[in-house]
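See below for the structure under consideration.
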Amino acid sequence: MALVIAAALTFGAVFWVMLTEIGKKTGIMRAPPSFHARQAKLILPLMALFVLLILLASQAGSWGWP
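This is the structure we're talking about:
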(Lines of atoms letter the chains of each structure in order from A and count residues from 1; the text may use other names and numbers.)
(Lines give C-alpha, C1' and ligand atoms only; values in the text may rest on other atoms or scores of the structure.)
Protein backbone atom coordinates (compact mmCIF):
# COMPACT_ATOMS: atom_id res chain seq x y z
CA MET A 1 0.00 0.00 0.00
CA ALA A 2 2.88 2.35 0.75
CA LEU A 3 4.19 1.93 -2.80
CA VAL A 4 0.82 2.87 -4.26
CA ILE A 5 0.72 5.98 -2.06
CA ALA A 6 4.26 6.88 -3.14
CA ALA A 7 3.26 6.39 -6.78
CA ALA A 8 0.22 8.62 -6.32
CA LEU A 9 2.35 11.33 -4.72
CA THR A 10 4.85 11.09 -7.59
CA PHE A 11 2.03 11.34 -10.12
CA GLY A 12 0.75 14.42 -8.29
CA ALA A 13 4.23 15.94 -8.38
CA VAL A 14 4.40 15.38 -12.14
CA PHE A 15 1.12 17.20 -12.66
CA TRP A 16 2.19 20.01 -10.32
CA VAL A 17 5.42 20.51 -12.29
CA MET A 18 3.57 20.40 -15.59
CA LEU A 19 0.85 22.83 -14.57
CA THR A 20 3.10 25.36 -12.86
CA GLU A 21 5.82 25.41 -15.50
CA ILE A 22 3.62 25.24 -18.58
CA GLY A 23 1.16 27.68 -17.03
CA LYS A 24 3.86 30.35 -17.01
CA LYS A 25 3.93 30.38 -20.81
CA THR A 26 1.13 32.01 -22.78
CA GLY A 27 2.09 30.62 -26.19
CA ILE A 28 3.28 27.10 -25.48
CA MET A 29 3.38 26.21 -29.18
CA ARG A 30 5.71 29.13 -29.88
CA ALA A 31 8.08 28.26 -27.04
CA PRO A 32 11.71 27.66 -27.98
CA PRO A 33 13.10 24.13 -28.00
CA SER A 34 15.11 24.88 -24.86
CA PHE A 35 11.85 25.33 -22.93
CA HIS A 36 10.61 21.91 -24.03
CA ALA A 37 13.98 20.33 -23.23
CA ARG A 38 13.85 21.76 -19.71
CA GLN A 39 10.32 20.39 -19.30
CA ALA A 40 11.44 16.95 -20.43
CA LYS A 41 14.33 16.98 -17.95
CA LEU A 42 11.88 17.72 -15.15
CA ILE A 43 9.01 15.44 -16.11
CA LEU A 44 10.59 12.30 -17.59
CA PRO A 45 12.54 11.23 -14.46
CA LEU A 46 9.42 11.71 -12.34
CA MET A 47 7.35 9.64 -14.75
CA ALA A 48 10.02 6.92 -14.72
CA LEU A 49 9.85 6.89 -10.91
CA PHE A 50 6.06 6.63 -11.10
CA VAL A 51 6.26 3.62 -13.43
CA LEU A 52 8.87 1.97 -11.20
CA LEU A 53 6.73 2.42 -8.10
CA ILE A 54 3.66 1.01 -9.85
CA LEU A 55 5.64 -2.00 -11.06
CA LEU A 56 7.00 -2.61 -7.56
CA ALA A 57 3.51 -2.28 -6.07
CA SER A 58 2.11 -4.79 -8.55
CA GLN A 59 4.81 -7.32 -7.61
CA ALA A 60 4.65 -6.74 -3.85
CA GLY A 61 2.10 -9.51 -3.30
CA SER A 62 4.32 -12.13 -4.91
CA TRP A 63 7.19 -11.06 -2.65
CA GLY A 64 5.09 -11.59 0.45
CA TRP A 65 4.54 -7.90 1.21
CA PRO A 66 1.09 -6.89 2.46
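Position one of the sequence shown corresponds to residue 291 (the numbering used here), numbered consecutively onward.
Even glycine gets a Cβ: it sits at the ideal position worked out from N, Cα and C.
Inter-residue distance for L334 and G354 is about 30 Å (C-alpha atoms, whole angstroms). Looking from the CA of L299, the closest CA among S352, A350, M337 belongs to M337.
DSSP, reduced to helix, strand and coil, places T310 within a helical segment of the structure shown. Of the candidates M291, M319, A330, the residue whose Cα lies closest to the Cα of F305 is A330.
W353 carries a helical assignment under DSSP once its states are collapsed to helix, strand and coil. DSSP, reduced to helix, strand and coil, places P322 outside both helices and strands of the structure shown, so it counts as coil.
Of the other Cβ atoms in all chains shown, fewer than 16 fall within 10 Å of the Cβ of L309; this residue is therefore exposed.
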